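Engineer: Every letter in the sequence shown is one number past the one before it in the working numbering, and letter 599, counting from 1, is 622. All C-beta atoms in this analysis are idealised placements derived from N, C-alpha and C, irrespective of residue type, glycine included. Because the structure is a prediction, the values reported are computed rather than measured.
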Amino acid sequence: MAAGTALRLLRRLELAIRRPDLDLIVPQGHAHLPGRLLDPFRASRILAFLDDEGLLRRRRLHRARPATPAQLRRVHDDAYLESLERPGALVRAVGMRLPDRSEQRVLETQRSMVGGTVLAARRAAAGTALAVNLGGGLHHARRDRGAGFCLYNDVAVAIAHLRARLRFAGPILIVDLDLHDGDGTRALFAEDATVHTLSIHGAPWDEAGAVESTSIALGAGVDGERLARALESVLPPLLERFRPRLAFYLAGADVARDDALGDWRLDDEAILARDLYVCRELRRRHVPVVYLLAGGYGDDAWRYPARFLARQLCGRCIEPPTTAEQVLDRFREVAHDLAPSRLSGRDEEAPLFTAEDLAALGVHTPSTRFLDFYTPSGIELALERLGYLERLRQLGYDRPTVAFDLANPSGHTLRIFGNPDRRELLVELRCAIDRSTLPGFRLLRVEWLLLQNPRGHFTADRPALPGQSHPGLGMLRETIAALVLVCDRLKLDGIVVVASRYHPATAAQGTLRCLDPDDESLLNSLRRALEGEPRVRAARLAERSGLADAVTGERIGFRPMPMILPITPALVARFESAEYQKRCRAGERVLRVVGPETPSAAGAR
Ligand SMILES: [Zn+2]
Numbered sequence: 024m025a026a027g028t029a030l031r032l033l034r035r036l037e038l039a040i041r042r043p044d045l046d047l048i049v050p051q052g053h054a055h056l057p058g059r060l061l062d063p064f065r066a067s068r069i070l071a072f073l074d075d076e077g078l079l080r081r082r083r084l085h086r087a088r089p090a091t092p093a094q095l096r097r098v099h100d101d102a103y104l105e106s107l108e109r110p111g112a113l114v115r116a117v118g119m120r121l122p123d124r125s126e127q128r129v130l131e132t133q134r135s136m137v138g139g140t141v142l143a144a145r146r147a148a149a150g151t152a153l154a155v156n157l158g159g160g161l162h163h164a165r166r167d168r169g170a171g172f173c174l175y176n177d178v179a180v181a182i183a184h185l186r187a188r189l190r191f192a193g194p195i196l197i198v199d200l201d202l203h204d205g206d207g208t209r210a211l212f213a214e215d216a217t218v219h220t221l222s223i224h225g226a227p228w229d230e231a232g233a234v235e236s237t238s239i240a241l242g243a244g245v246d247g248e249r250l251a252r253a254l255e256s257v258l259p260p261l262l263e264r265f266r267p268r269l270a271f272y273l274a275g276a277d278v279a280r281d282d283a284l285g286d287w288r289l290d291d292e293a294i295l296a297r298d299l300y301v302c303r304e305l306r307r308r309h310v311p312v313v314y315l316l317a318g319g320y321g322d323d324a325w326r327y328p329a330r331f332l333a334r335q336l337c338g339r340c341i342e343p344p345t346t347a348e349q350v351l352d353r354f355r356e357v358a359h360d361l362a363p364s365r366l367s368g369r370d371e372e373a374p375l376f377t378a379e380d381l382a383a384l385g386v387h388t389p390s391t392r393f394l395d396f397y398t399p400s401g402i403e404l405a406l407e408r409l410g411y412l413e414r415l416r417q418l419g420y421d422r423p424t425v426a427f428d429l430a431n432p433s434g435h436t437l438r439i440f441g442n443p444d445r446r447e448l449l450v451e452l453r454c455a456i457d458r459s460t461l462p463g464f465r466l467l468r469v470e471w472l473l474l475q476n477p478r479g480h481f482t483a484d485r486p487a488l489p490g491q492s493h494p495g496l497g498m499l500r501e502t503i504a505a506l507v508l509v510c511d512r513l514k515l516d517g518i519v520v521v522a523s524r525y526h527p528a529t530a531a532q533g534t535l536r537c538l539d540p541d542d543e544s545l546l547n548s549l550r551r552a553l554e555g556e557p558r559v560r561a562a563r564l565a566e567r568s569g570l571a572d573a574v575t576g577e578r579i580g581f582r583p584m585p586m587i588l589p590i591t592p593a594l595v596a597r598f599e600s601a602e603y604q605k606r607c608r609a610g611e612r613v614l615r616v617v618g619p620e621t622p623s624a625a626g627a628r
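#1: Whose C-alpha, out of G490, A179, T502, is nearest the C-alpha of S559?
#2: Can you check DSSP and say which residues form a bridge with V613?
#3: Compute the Euclidean distance between the alpha carbons of R31 and E37, then round it to the nearest angstrom.
#4: Can we count A240 as close to ligand 1, meaning its CB is less than 7 Å from some heavy atom?
#5: Taking the C-alpha atoms as reference points, what is the distance between R612 and L549?
#6: Taking 7 Å as the line, does the beta carbon of G318 fall inside it for any heavy atom of ligand 1?
#7: What are the boundary residues of the alpha helix (DSSP H) that includes R453?
#8: Just to confirm my understanding: we take D542, look at its own chain, exclude 5 residues before and 5 after, and list those with CB closer than 6 Å. What are they?
#9: Given that a residue counts as buried once 16 or more other Cβ atoms are within 10 Å of its Cβ, and exposed if not, what is A593?
#10: To the nearest angstrom, report how far apart R303 and D204 are at their CA atoms.
#11: With a threshold of 8 Å between beta-carbons, can H162 be considered close to chain D, or not?
#12: Mind the definition here: the segment 96 to 111 touches the segment 65 to 78 only if three or more C-beta pairs lie below 8 Å; say whether that holds.
#13: Please determine, among L269, P63, L254, the residue with the shortest C-alpha to C-alpha distance to P194.
#14: Taking three-plus beta-carbon pairs below 8 Å as touching, is the segment 458 to 467 in contact with the segment 512 to 521?
#15: Confirm the yes/no value for this check: CB of G275, any heavy atom of ligand 1, distance under 7 Å.
#16: Whose C-beta lies closer than 6 Å to the C-beta of A625 among residues of the same chain, with five residues either side of it excluded?
#17: Going along the chain, which residues of its own chain have a beta-carbon closer than 7 Å to the beta-carbon of V141, five neighbours each way excluded?
#18: Note the first and the last residue of the continuous alpha helix (DSSP H) segment covering N547.
#19: Quick one: any contact between the segment 445 to 464 and the segment 522 to 536, if contact means 3 or more CB pairs under 8 Å?
#20: Alpha carbon to alpha carbon, how far is F393 from A251? Give it in angstroms, no decimals.
#21: Name the residue from I402, H435, G434 whose alpha carbon lies nearest to the alpha carbon of T424.
#22: How far does the beta strand (DSSP E) with G517 in it extend, from its first residue to its last?
#23: Please confirm whether L130 and L174 have their CB atoms less than 8 Å apart.
#24: Specify the secondary structure class of H480 as computed by DSSP and reduced to three states.
#25: So what's Q475 in DSSP terms, helix, strand or just coil?
#26: Mapping the DSSP letters down to three states, classify C173 as helix, strand or coil.
#27: By the three-class DSSP mapping on this structure, what secondary structure does I223 have?
#28: Along the chain, which unbroken stretches of the beta strand (DSSP E) at least 3 residues long are found entirely within the segment 231 to 313?
#29: Taking R86 as the reference, which of L254, I40, V137 has the closest Cα?
#30: How do the segment 316 to 330 and the segment 272 to 283 stand: do at least 3 beta-carbon pairs fall below 8 Å, yes or no?
#31: Is the beta carbon of D229 within less than 7 Å of some heavy atom of ligand 1?
#32: By DSSP, does M586 sit in helix, in strand, or in coil?
#33: Looking at the unbroken beta strand (DSSP E) that takes in N85, where does it start and where does it end?
#34: Between E372 and L513, what straight-line distance do the alpha-carbon atoms span, to the nearest angstrom?
#35: Please state the DSSP three-state secondary structure of I197.
#36: Can you say whether V507 is buried or exposed, counting buried as having 16 or more other CB atoms within 10 angstroms of its CB?
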């Protein structure tokens, strides 16, 4: 959570005393790759966290300019660079055909990352101990082609810049600890004895060596201890022999055990220890370090470099918030500045009688406002301020349009379309105010929530789940945070939703609690039994009673269940009560997979 004002002041004082020699460089732009798991907001989440903790020093913060064509041409073929401007040119490197605008955005974002690495390298060459680019590490790109999301090789471009413009002649070491092989960089310096590429990775991408290189493939399932042993056996002797004058460190977080793509098992402590070790070994020998984020997939990947940077800046460990907490914090700050009258179109804070009150009296008035409060322009204003609509634009939907449908008796419906022609539906939310599910509490009942990207494509790492006709929008956290703001605004105790499918239910668990503790224990038991199963198979097993109680043999499956996001302290306390916890534990049982019930068998029951 964000530090309080006093704490921030204290941190600033600490910074002033410690004066860590650290420059922070921020690349511009954030390109979404549909269906891909690279969080386009990694840099901004890290910055927001450091700022919240009072660890951002404006003087040492720099915006990256995009790399110039001349800089890129020092490394890449003219023909290749020109080919990147043609539509469809990115298919090879990113593995899919993107809309032209998205292609341009990807190119601009990567050019800015290269510019960031060039700037970081210049700062380090000028003597900064640690120059951090919040991006970069595009290590698969080669002279004449891109691969693995990498279009330009930022490290090679930066080194060429140092050699050509700054006459920096000393030996340069690249420590590439991303999960993936630094094959592109190694190939680019295959003949250059002044640059050593050390890559420790899972699987090799290319067996070809170089005059100065060390490649170690550790295979799958590597943990922190295993990596540390490899690193400690190779890095110090290499430093003694090669004596670099500058180092690039690719601190890929795709080695994390919760990484969305990777298969290594490093925990947060192991990754922090890895980063601290590399920097300590280099700094002990007075080698300036250019630190690059490199890989890291999933919404929480930003927390690894964030933890390292906080530690470098203030010398202590500060645990970054979860992404969901950070989004909600940011949303609440924005919401605080929005006057209720701008959302509701009313001058007064609350009308004498709400439609809800009148309905209770038997007077039914057709509502003109969403949840009897928000006007369409009020919702649009709020979503704009929260950056929600901007994210939709970044997905290629130029003019997101909000529409209401208030006629359905089961709840008010809010839809967001990609454009005013209303052909592409992105968000559909139906909800109502609920006084009956939990007596004594007023809840926001979400009847239906659809978040989909009609222009997205399913991919091998994100296949279609049961019931999905388009890939998700990737904005569940932001949507939930926006709903929490609705509850804040309308003084509701929490959100209730009926989870009707296994995956959304497990994904929400932790943030949402099952209303019934028996459901909570069922979900825990299912999750444990299905750990390691591929997503699609796990859903099928759970939803078609493909498990059995290990003791009684009774067939067990997922059932639709009401889940609650408690917001007010009174409701939070209910789910933290010893009584609720005890009932959750008591209901857990050991399940084993027996295979899904076939439709005919299910029908024969
Ligand atoms: Zn990687």
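Structural biologist: So, to answer that:
#1: The sequence shown places Val at residue 559, rather than the Ser named in the question. The candidate whose alpha carbon is nearest that of V559 is G490.
#2: Paired residue(s): none; V613 is not in a bridge.
#3: 10 Å
#4: no
#5: 9 Å
#6: yes
#7: Note, R453: premise wrong, no alpha helix (DSSP H); beta strand (DSSP E) at 448 to 457.
#8: M584
#9: exposed
#10: 23 Å
#11: In the structure shown, chain D cannot be found, because there is only a single protein chain.
#12: no
#13: L269
#14: yes
#15: yes
#16: Bear in mind that a pLDDT of 41 at A625, under 50, signals an unreliable position, so the number given afterwards is only what the model happens to contain. Same-chain partners within the cutoff: there are none.
#17: A90, Q94, V180, A181, H184
#18: 540 to 553
#19: no
#20: 56 Å
#21: I402
#22: 517 to 522
#23: yes
#24: coil
#25: strand
#26: strand
#27: strand
#28: 236 to 240, 269 to 273
#29: V137
#30: yes
#31: no
#32: strand
#33: Residue identity differs from the one stated: residue 85 is His in this sequence, not Asn. Taken as a continuous stretch (DSSP letters only), the beta strand (DSSP E) holding H85 covers 84 to 86.
#34: Low local confidence applies: a pLDDT of 49 at E372 is under 50, so the model's placement there is unreliable, and no value is given.
#35: strand
#36: buried
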